[in-house]
Amino acid sequence: MEVLKSLLQDAHNFEASKMTNMTTSDRVEASREAKRLILGINEFYKETKDPDLMDVMKQLTDKKKKIEVRLKGRS
1 MEVLKSLLQD AHNFEASKMT NMTTSDRVEA SREAKRLILG INEFYKETKD
51 PDLMDVMKQL TDKKKKIEVR LKGRS
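Start counting the sequence shown at 1; every next residue gets the next number (the UniProt record's numbering).
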């Protein structure tokens, strides 16, 4: 449970962080961090099926998608 608390705290900090004036390398790093958090939380979600964990993963995924749009450009 200690790991889950740490992941949720990291996810909260990631959600609260500003994404303005980021360099490309900052965006890549942020995208990787979001992926790490999502996959980590997903391991706990598989066991518990807690809807709160799903909500956190959805929020992280939305932010990750916005970052990746800026990285890849709009098609």
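Note that the Cβ used here is the ideal one computed from N, Cα and C, for glycine as well.
Backbone CA spacing between residue i and residue j [nearest angstrom]
i      : j      : result
Lys-65 : Ala-34 : 10 Å
Met-57 : Glu-68 : 16 Å
Leu-53 : Ala-16 : 17 Å
Leu-37 : Lys-18 : 17 Å
Asp-50 : Leu-60 : 16 Å
Leu-7  : Lys-63 : 16 Å
Tyr-45 : Leu-39 : 10 Å
Contact belief for residue i with residue j at Cβ below 8 Å, rounded distance in angstroms
i      : j      : result
Leu-71 : Ser-31 : 7 Å
Limits of the unbroken alpha helix (DSSP H) element including residue i
i      : result
Ser-25 : 24 to 48
Thr-20 : Segment: none, Thr-20 is in no alpha helix (DSSP H) and carries neither H nor E.
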